[in-house]
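*Asks:* With the working numbering as the guide, the letters of the sequence shown map in order to residues 1121 to 1355.
Structure in structure tokens, see below.
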Amino acid sequence: MEKTIVNHSQPTEYYEVYVWEWPVRLFHWVNFFSIMILAVTGYFIGNPISIASISEASAQYWFGKIRFVHFVTAYIFVFNSVIRIYWGFVGNKYVRFNNFIPTSRKQWDEILDVLKMDVLQIREKATHSVGHNALAGFIYAIGFVIFLFSVFTGFGLYSAMTDSWFAGLFAWVVPAMGGDHAVRLWHHMLMWFYLVFMIVHVYLAAYHDYVEATGTISSMFGGWKFLRKKKQITR
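Right, here's the structure in full:
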């Protein structure tokens, strides 16, 4: 079986490619911190901590602060997602939405190749992509739909306790999904999906960074990837 993992001890010539523009990198990190804050505050909203105190409850208001942070972060999450949707149409070729939806035989073949390497571990020849590989792009597309579902369920619950016009747009969600309990359950399960998704995402980013040696992780800070000369790039 052919093995193409980079030998890091051998000197190699590289050239730089600017892959991730600053709006994409900003979206990535705002999204990361938003999800972390939403997960922590959402967990405490669903599982509040009992604090024994002799002071008046209104003087503490710690639970109200948690809810406030959760709601503000939710608005940031939505605004950040809107910017990313816009950039999916005007950004460079690596961030456009046609990279996320597999519409060609070549993309589906690449999905199978990456599955064989990342999941089944039966293929050692790495599939080199400058931007997202086809499988990653497809998973991100599915993840984005799930992110939108969390927005619908979250603001659907929020609409019952606010006069905000934006939250009011989602007032139909709760009755459509069978009531508050069902919507809360779905919203809670999505929190665990996010956390599992992030763990797998970080692992695979580090794995491909080592296998491909293109600076996958550092590119999300600076935007640049480093490609070996004479390497055959699939995308």
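Think of the CB as a built atom: it goes at the ideal place given N, C-alpha and C, for glycine as much as any other residue.
All of these numbers come straight from a predicted model, not from anything done at the bench.
Grouping DSSP H, G and I as helix and E and B as strand, with all else coil, what is Glu1141?
*Replies:* For this step, residue 1141 is matched to residue 21 along the sequence shown. It is coil, neither helix nor strand.
*Asks:* If you drop the 5 nearest sequence neighbours on each side, which residues of the same chain put their C-beta closer than 7 Å to that of Phe1183?
*Replies:* Along the sequence shown, one-based indexing puts residue 1183 at 63. Closer than 7 Å at Cβ, skipping near neighbours: Pro1168.
*Asks:* Can you confirm whether the stretch 1336-1346 touches the stretch 1302-1310 when touching is taken to mean that 3 or more C-beta pairs between the two stretches lie within less than 8 Å?
*Replies:* Verdict: no, contact absent.
*Asks:* If we ignore side chains and look at the alpha-carbon of each, how far apart do Ser1339 and His1148 end up?
*Replies:* Here residue 1339 refers to the residue found at position 219 when the sequence shown is read from its first residue. Here residue 1148 refers to the residue found at position 28 when the sequence shown is read from its first residue. If I take the Cα positions, the gap works out to 12 Å.
*Asks:* Please list the terminal residues of the continuous alpha helix (DSSP H) segment that includes Trp1312.
*Replies:* Position 192 of the sequence shown, counted from the start, is the residue given in the question as residue 1312. Element bounds for Trp1312: Asp1300 to Glu1332.
*Asks:* With three or more beta-carbon pairs closer than 8 Å as the criterion, would you say the stretch 1222-1235 touches the stretch 1191-1209?
*Replies:* In short, these stretches do not touch, since the Cβ pair count stays below three.
*Asks:* Please classify Thr1282 as buried or exposed, where buried requires at least 16 other C-beta atoms within 10 Å of its C-beta.
*Replies:* Here residue 1282 refers to the residue found at position 162 when the sequence shown is read from its first residue. Result: exposed.
*Asks:* Going by DSSP, name the residue or residues bridged to Trp1344.
*Replies:* Here residue 1344 refers to the residue found at position 224 when the sequence shown is read from its first residue. According to DSSP, which records beta bridges pairwise, Trp1344 is partnered with Tyr1138.
*Asks:* Smallest Cα separation from Phe1216: which of Val1316, Val1271, Ile1196 and Ala1254?
*Replies:* Sequence index remark: in the sequence shown, residue 1216 carries index 96 (1-based). The amino acid at residue 1216 is misidentified as Phe; the sequence shows Arg. Minimum Cα distance to Arg1216 is reached at Ala1254.
*Asks:* By the 10 Å Cβ neighbour count, where 16 or more other Cβ atoms means buried, how is Tyr1330 classified, buried or exposed?
*Replies:* The residue you call residue 1330 lines up with position 210 of the sequence shown. So Tyr1330 ends up on the exposed side.
*Asks:* From what residue to what residue does the alpha helix (DSSP H) around Arg1187 run?
*Replies:* Against the sequence shown, residue 1187 aligns to sequence position 67. Note, Arg1187: alpha helix (DSSP H), Trp1182 to Val1210.
*Asks:* I'd like to check one pair, Asn1219 with Gly1251: are the Cβ atoms closer than 8 Å?
*Replies:* Within the sequence shown, residue 1251 is the residue found at index 131, counting from 1. Within the sequence shown, residue 1219 is the residue found at index 99, counting from 1. Yes. Within cutoff.
*Asks:* By Cβ distance below 7 Å, which residues in the same chain neighbour Gly1288 in space, the five residues on each side in sequence not counted?
*Replies:* Taking the sequence shown and counting its residues from 1, one reaches residue 1288 at position 168. Closer than 7 Å at Cβ, skipping near neighbours: Ser1279.
*Asks:* Who are the near neighbours of Val1320 in its chain, counting only those whose CB is closer than 8 Å to its CB and skipping five residues on each side?
*Replies:* Reading the sequence shown from its first residue, position 200 is the one you call residue 1320. Excluding residues within five positions, none has a Cβ falling inside 8 Å.
*Asks:* Where does Gly1162 fall in DSSP's three states?
*Replies:* Within the sequence shown, numbered from 1, the residue matching residue 1162 stands at position 42. Helix at Gly1162.
*Asks:* Quick one, which of Glu1133, Ile1205 and His1301 has its alpha-carbon nearest Tyr1260's?
*Replies:* Your numbering for residue 1260 matches position 140 in the sequence shown. Tyr1260 has its Cα closest to that of Ile1205, out of Glu1133, Ile1205 and His1301.
*Asks:* Evaluate Val1139 with the Cβ neighbour count: other Cβ atoms within 10 Å of its Cβ, from every protein chain shown; 16 or more gives buried, anything less gives exposed.
*Replies:* The count along the sequence shown starts at 1 and reaches residue 1139 at position 19. The residue in question, Val1139, is buried, as its Cβ has 16 or more Cβ neighbours within 10 Å.
*Asks:* May I have the straight-line CA-CA distance separating Asn1200 from Arg1145, to the nearest angstrom?
*Replies:* Looking up residue 1200 in the sequence shown gives position 80. Looking up residue 1145 in the sequence shown gives position 25. Their backbone Cα atoms lie some 11 Å apart in a straight line.
*Asks:* Quick one: is Tyr1214 buried, meaning 16 or more other Cβ sit within 10 Å of its Cβ, or exposed?
*Replies:* Translated into positions along the sequence shown, residue 1214 becomes position 94. So Tyr1214 ends up on the buried side.
*Asks:* According to DSSP, is His1252 helix, strand or coil?
*Replies:* Working through the sequence shown from its first residue, we reach residue 1252 at position 132. Coil at His1252, not helix or strand.
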